[in-house]
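Notes to accompany the following structure.
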Amino acid sequence: MDDQPETVVGRINPGDFFGERSLLLGEPRSASIVPVIDSTVAEIPREAMIQLMRKRPELASYLGEVLTEHQAKSAAELDSHRRAVEQPHSIFDHLVGRIRAFLSED
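Residue 174 in the working numbering sits at position 83 of the sequence shown; the count goes up by one each step and never skips.
Listed below in structure tokens is the structure:
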């Protein structure tokens with residue numbers, strides 16, 4: 092099991108979906124979804140999506156927009172988390188430097 096701490100990058104609300112990158116692009120999953128309440132989840136098989144895309148090819152544009160939005164949101168959440176984790180160290184380093192400078196003999 093991975094020893095890295097979990098990072099919450101968002102919440103899924105009723106009616107939302109996830110796993111679209113794997114379904115639409117064949118990419119391996121990049122996150123895990125953990126329900127915090129009782130949930131019902133429906134899986135859309137690749138074959139069903141192929142048939143749907145044949146009937147409604149315009150869905151590719153909509154799904155491309157959704158992928159772009161989800162990717163931007165996830166990137167922003169991860170960046171925010173990274174800054175929150177790194178910031179205390181930066182503040183610490185800054186303050187230690189100021190203490191040393193202030194208390195050093197000239």
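Where a beta carbon is used, it is the ideal one built from N, C-alpha and C, also for glycine.
Here the region 146-153 does not lie against the region 127-134, with fewer than 3 beta-carbon pairs under 8 Å apart. By the CB criterion at 7 Å, G110 and E168 fall outside the cutoff. For L158, the closest alpha carbon among the candidates V99, P105 and E118 is that of E118. Considered as a whole, the region 96-172 harbours no complete run of any beta strand (DSSP E) with no fewer than 3 residues.
A straight line joining the alpha-carbon of H161 with that of K146 spans about 25 Å. Relative to V99, the option among H180, F183 and S171 whose CA is nearest is S171. DSSP places S181 within a helical segment (H, G or I) once states are collapsed to three. M140 sits close to L114, with the two beta carbons spaced by under 7 Å.
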